[in-house]
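Down below is the structure, laid out as structure tokens.
Okay, here's the thing in structure tokens:
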């Protein structure tokens, strides 16, 4: 990943020597600088934006535009990303299928159990519930 930062002066350019400086400017932790996407932000606001908003000493405001240029992802990166999403969809489908089968197994276990059978009914929009027979005891 290549980031191009445009600054107004050489003094500002010399401020970006360490990875911590880039992390502070991009408002992200240092360990996430290599990410091209889904880069989490730090909780504290970046110092460079507060500096530009307040202006320089003497009441003059510095108007400067910083442009971040990011390389487009390669085909290999796009394929890897698509493969991850495909695997995620497959996992979700397997989970739904297993959940359905687990419900069927529980239902069959109740049906094959000893004793009086309980009826399972489902009203409109409500989940299934067991209905027990009313037994009168003295």
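Numbering (this note's numbering), first residue to last: -7 to 130. We treat Cβ as the ideally placed atom computed from N, Cα and C, and that holds for glycine.
Between residue 22 and residue 28, the C-beta gap is not smaller than 8 Å, which leaves the two residues out of contact.
Taking residue 107 as reference, the option from 125, 97, 92, 69 with the minimal CA-CA separation is 125.
Here residue 18 is buried. Its C-beta has 16 or more other C-beta atoms within 10 Å.
Put simply, the backbone Cα of residue 83 is about 15 Å away from that of residue 93. Judged by beta-carbon spacing, residue 20 lies within the 8 Å limit of residue 34, meaning their Cβ atoms are closer than that value.
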